[in-house]
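S.K.: This structure is in structure tokens; I'll ask about it shortly.
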Amino acid sequence: MSLKNRHLFGLKDYPKKDIESILDLAFKFREVLDRPIKKVPSLNGLTVVNLFFENSTRTRISFELAQKRLSCDTVNFSASSSSLKKGESFKDTAQNIEAMKIDAVVIRHPSPGAPKTLSKFIKSIIINAGDGTHEHPTQAILDMMSLKEKFGFLKGLKIGIIGDILHSRVALSNIYGLKTMGAEITLCGPPNLIPEFLKDLGVNINYDVDEVIDWADALNVLRIQRERMGIGLVPSVREYRNFFGINQKRIEKHKKDIVIMHPGPINRGVEIDSAVADGQNAIILDQVLNGVASRMAILFLLCGGKK
Amino acid sequence: MSLKNRHLFGLKDYPKKDIESILDLAFKFREVLDRPIKKVPSLNGLTVVNLFFENSTRTRISFELAQKRLSCDTVNFSASSSSLKKGESFKDTAQNIEAMKIDAVVIRHPSPGAPKTLSKFIKSIIINAGDGTHEHPTQAILDMMSLKEKFGFLKGLKIGIIGDILHSRVALSNIYGLKTMGAEITLCGPPNLIPEFLKDLGVNINYDVDEVIDWADALNVLRIQRERMGIGLVPSVREYRNFFGINQKRIEKHKKDIVIMHPGPINRGVEIDSAVADGQNAIILDQVLNGVASRMAILFLLCGGKK
Amino acid sequence: MSLKNRHLFGLKDYPKKDIESILDLAFKFREVLDRPIKKVPSLNGLTVVNLFFENSTRTRISFELAQKRLSCDTVNFSASSSSLKKGESFKDTAQNIEAMKIDAVVIRHPSPGAPKTLSKFIKSIIINAGDGTHEHPTQAILDMMSLKEKFGFLKGLKIGIIGDILHSRVALSNIYGLKTMGAEITLCGPPNLIPEFLKDLGVNINYDVDEVIDWADALNVLRIQRERMGIGLVPSVREYRNFFGINQKRIEKHKKDIVIMHPGPINRGVEIDSAVADGQNAIILDQVLNGVASRMAILFLLCGGKK
């Protein structure tokens, strides 16, 4: 059981068979995480570097736990305390770390395409943990795992993705992955934040969130970044909440049993209300757990772990 | 051998039998720390998160070493680099980390009661590593361990606690723990920094440090926080030192063999002089070692480790 | 097989036999690093603290990987987030950490002599990871290992060290180590940055970099710190590059097969051009790998690891 691509840059053109392999193994690791001893020796003796050029406690801890539970050694590199400050290039930093004989690099970087660029400089296996507004494939894998856990299948599922689609790597990776798996997608959010060309990827666009709720089996509610508000990109909190906020009233009026996802961190009272986020249809914390299991599966399959 | 309470929030109303169980086991782990291989497999496969909302290298390293020597996996979370900056709530942060399947949380937080609040949000075992001016129970356990090591018993021991009692979680946890174990306590410091209601806990208050030295078997000298000086709370360094500073002259005049404790970090020349802090009656560095052993015992007993 | 000195403060007067022991073992660990499982249980159960009073991602990660691959427990202490901010003394910080029962301390500190001072305060084994402008012995060991790997021997090798010799701990440790091993050294750089007294150590000084290239078997090109420019110490980038920059034209004119070393991080286009740094004679990335192997050997020999 191995994957076609050596690296995981994104889910664009990613083989359906490989997504299935990752999901199958992720469900097995999910069982490991329910045991008293949540650890397997699969990647013992391997070294993985978490190369984070952007802060992200949540994603970093998820990867770190996945690595420790596979028994590999972990080194955390954060750009803020590094030689980058001394003017070292991205290439030199990467080549220097690789020269210490590491097996895989988990990279988060503000620039779209940074993981692919990295692959030109080093020979290690590379996993994209978010590159600017481009892709965040492990988030999409864990989202698909969470949907499959809930519904039992992905093909034909109707998913609404709500929010700032334009700046969201989560949205783009979800679109690629879910379309490959045969799901239907409707994007919803402020018109200036949904690029028209996304229609070419076979998704629907609907600016009426109530209609999307009526239609969808599940909603993936994106975080609205407050720093984008008041500069013309996103309307005020109040206005955004009014038009696109997922609240209990809206859910009850349209579809009480709709499944609610959110990649976190949540802006309670902005893109989603607490009653919904903490409600019985929300699978937000399952997503977090599935994140560790998914990342274990991806690391295992890419690094050639042994059972 | 297990403890009555699932969590360790503080030593108020903490069962005497459980303090004894912790101390007994701590002395056994202390022996492990004297071996060439200072590690046992007791908590292998468990994950403990150090959730620090306040900086504390000293306490964090002590817990981290306790965890590593019990063979559990450790994840460090510091608030400064986290999603809290993105406006995520305490509850969401905690629930997200717990969702990754962790077994215990060691929490330090500036707000009194934060560990108890946390227990309403998550199911993990919680250990208070200091919550504002409230309690610091593991510090009091290691203080009691150090006293028991020195004297062989706690019942009837006379302990003077010197300093800013009002703002000290160390003092409060010491009072609760030592009273439970049958020790006698006298508080000493500037009158405005010793709340009168503490008398209800069965402690003495005496503003004359020389009398307290005459009376006590051991002194627990608290750190005076320089940032509290000059704003009406604490007198000047010179004045504080004059009235309450523990110096060699004072010790020799009154009781040469009095045992000296300090939770660190020390302000040499303020609340304590170097001659005393480094003298033969000081057990300050024993406290540090006993801190690791105590935290191993607490983690082991709360997490149900196997021998 | 053990070393004469308990600590590694520097290579001044360091026994030739011990450098040979370290290099021999380093080459064996280098083989371990080429295996799929790059880990040995040699130092299992030991605790090493990385006590960094100066930022250095590169050196810290190298030591951390060396430690993990020897299976010892690692604790990272960085001064920026520590009690030092609360006014704790260097001595108290060190003694507190040691009291937690650690076996060795890797220290980086801005003050020359700090590792030796530390040895007066604590009993642990101490390894100097750079002390101000004084020494950086593990860098010199890895440089010698890289030269020996390339040439097969050190005795009689002709090494040019190019740059700001005055402020370089790398240069000083290289001089001590290489002279002990019988190599010949020529220093080259701006005259105000090469102290005349270094001649007493048996090295040559030559301000003409082209002559040095003609003469040398290998160049160790030091990083020019941009913050030293424009304040009278180092000429402008352009001028420095003109007089001392190692570029392809210079190399081809004089000696095409000269071996190129650099301790990193590189200022491309200043002290060295990319064509040279990335050329076939550069062993810069080998130095990085040998750094991990050298540090494994040093830790193993000082901490009395078992095979």
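Residue numbers (numbering that gives the first Met the number 0), protein chains in the order written: chain E, 0 to 306; chain R, 0 to 306; chain L, 0 to 306. Cβ atoms here follow ideal geometry from the backbone N, Cα and C, with glycine treated the same way. Predicted model only: the values in this text are computed from it and were never measured.
R107 of chain R bridges to which residues according to DSSP?
M.R.: Beta-bridge pairing links R107 of chain R to R:F51.
S.K.: Can you find a C-beta in chain E that's less than 7 angstroms from the C-beta of K27 of chain L?
M.R.: False, the Cβ-Cβ gap to chain E never drops below 7 angstroms.
S.K.: Pull up the DSSP beta-bridge partners for P128 of chain E, would you.
M.R.: The identity of residue 128 of chain E in the sequence shown is Ala, whereas the question assumes Pro. Beta-bridge pairing links A128 of chain E to no other residue.
S.K.: E183 of chain L lies in the beta strand (DSSP E); which residues open and close that run?
M.R.: First-last of the beta strand (DSSP E) with E183 of chain L: 183-187.
S.K.: Looking at the strands, I want to know which residues DSSP matches up with S77 of chain E.
M.R.: Answer is E:F51, bridged to S77 of chain E.
S.K.: Answer with buried or exposed for K306 of chain E, where buried requires no fewer than 16 other C-beta atoms within 10 angstroms of its C-beta.
M.R.: Confidence in K306 of chain E is poor, its pLDDT being 47 and thus under 50, which makes the residue's placement too unreliable to answer from.
S.K.: Short of 6 angstroms in beta carbon distance, which residues of its chain neighbour N203 of chain L, apart from the five on each side in sequence? Order them along the chain.
M.R.: Taken in chain order, the residues that qualify are T185.
S.K.: Roughly how many angstroms lie between the CA atoms of V208 of chain E and L301 of chain E, to the nearest whole one?
M.R.: Roughly 39 angstroms between the two C-alpha positions.
S.K.: Does the beta carbon of K67 of chain E sit closer than 7 angstroms to a beta carbon anywhere in chain R?
M.R.: Yes, its Cβ sits closer than 7 angstroms to a Cβ of chain R.
S.K.: Determine the chain R residues that contact Q94 of chain L at a beta-carbon separation under 7 angstroms, and present them in chain order.
M.R.: Per Cβ cutoff of 7 angstroms: L284.
S.K.: From what residue to what residue does the alpha helix (DSSP H) around V258 of chain L run?
M.R.: Careful: V258 of chain L lies outside any alpha helix (DSSP H), inside the beta strand (DSSP E) at 258-260.
S.K.: Give the DSSP-derived three-state secondary structure of K157 of chain L in the structure shown.
M.R.: Note: K157 of chain L maps to strand in three-state DSSP.
S.K.: Measure the C-alpha to C-alpha separation of R237 of chain L and I96 of chain E and round it to an integer number of angstroms.
M.R.: Approximately 30 angstroms between the Cα atoms of the pair.
S.K.: Give me the chain E residues within the contact set of V291 of chain L, using Cβ-Cβ distance strictly less than 9 angstroms, ordered along the chain.
M.R.: Chain E residues near V291 of chain L: A98, M99, K100.
S.K.: Taking only three categories from DSSP, how would you classify R267 of chain E?
M.R.: Strand.
S.K.: Do I259 of chain E and A281 of chain E come within 7 angstroms of each other at the CB atom, strictly closer than that value?
M.R.: Their beta carbons are under 7 angstroms apart, which means A281 of chain E touches I259 of chain E by this criterion.
S.K.: Do P190 of chain E and Y175 of chain E have their CB atoms nearer than 7 angstroms?
M.R.: In this structure, Y175 of chain E does not lie closer than 7 angstroms to P190 of chain E by Cβ.
S.K.: In this structure, how does DSSP classify D23 of chain R when only helix, strand and coil are distinguished?
M.R.: Helix, per DSSP.
S.K.: Find the residues of chain L that neighbour I245 of chain R, judging by a C-beta separation of less than 8 angstroms, and give them in chain order.
M.R.: By Cβ distance, chain L contributes nothing, its closest Cβ being about 16 angstroms from I245 of chain R, past 8 angstroms.
S.K.: Thinking C-beta only, is R107 of chain R closer than 7 angstroms to S55 of chain R?
M.R.: Yes, the Cβ-Cβ distance between S55 of chain R and R107 of chain R is below 7 angstroms.
S.K.: Name the chain C residues that come within less than 9 angstroms of E195 of chain R, Cβ to Cβ?
M.R.: Any reference to chain C falls outside this structure, whose protein chains are E, R and L.
S.K.: Inspect the CB distances between the segment 66-80 of chain E and the segment 10-17 of chain E and report whether three or more fall short of 8 angstroms.
M.R.: No: the two stretches stay apart, fewer than three of their Cβ pairs being nearer than 8 angstroms.
S.K.: Scan the segment 253-267 of chain L for residues whose Cβ lies nearer than 8 angstroms to a Cβ of chain E and list them as they occur along the chain.
M.R.: Listed by position along the chain: G263, P264, I265, N266, R267.
S.K.: If we call anything under 7 angstroms between Cβ atoms a contact, is K252 of chain R one with W214 of chain R?
M.R.: No, Cβ-Cβ distance for K252 of chain R and W214 of chain R is not below 7 angstroms.
S.K.: Is it right to say K198 of chain E is buried, meaning 16 or more other beta carbons lie within 10 angstroms of its own, or is it exposed?
M.R.: Exposed, by the Cβ-count rule.
S.K.: When we look at the beta-carbon of L200 of chain R and count the other beta-carbons within 10 Å, is it buried (16 or more) or exposed?
M.R.: Classification of L200 of chain R: exposed, given that the 10 Å Cβ count is below 16.
S.K.: What's the C-alpha gap between V169 of chain R and L7 of chain R?
M.R.: Cα-Cα distance, rounded: 15 angstroms.
S.K.: Counting only beta-carbon separations shorter than 7 angstroms, does V287 of chain L have a partner in chain E?
M.R.: By this cut-off, V287 of chain L is an interface position.
S.K.: Using DSSP with H/G/I as helix, E/B as strand and the rest coil, what is I193 of chain R?
M.R.: Note: I193 of chain R maps to coil in three-state DSSP.
S.K.: Applying the criterion that 16 or more other CB atoms from any shown protein chain within 10 Å of the CB defines a buried residue, is I307 of chain R buried or exposed?
M.R.: Any answer about residue 307 of chain R is impossible in this case: the structure gives chain R only from 0 up to 306.
S.K.: So with CB distances below 8 angstroms, who are the chain R contacts of E87 of chain L?
M.R.: Those within 8 angstroms of E87 of chain L in chain R are G263, P264, I265.
S.K.: Any idea if E63 of chain R is buried or exposed, counting beta-carbon neighbours within 10 angstroms, 16 or more meaning buried?
M.R.: Burial call: buried.
S.K.: Could you tell me if F28 of chain L is buried or exposed, where buried requires 16 or more neighbouring beta carbons within 10 angstroms of its beta carbon?
M.R.: By the neighbour-count rule (16 or more Cβ atoms within 10 Å), F28 of chain L is buried.
S.K.: Please tell me whether V74 of chain L has its Cβ less than 7 angstroms away from any Cβ of chain R.
M.R.: It does: the Cβ of V74 of chain L has a partner Cβ on chain R nearer than 7 angstroms.
S.K.: Using the DSSP secondary-structure output, state which residues sit across from N203 of chain R in a beta bridge.
M.R.: In DSSP, N203 of chain R forms a bridge with R:T185.
S.K.: What in chain R is Cβ-close to N43 of chain L, meaning under 8 angstroms?
M.R.: Result: I36, K38.
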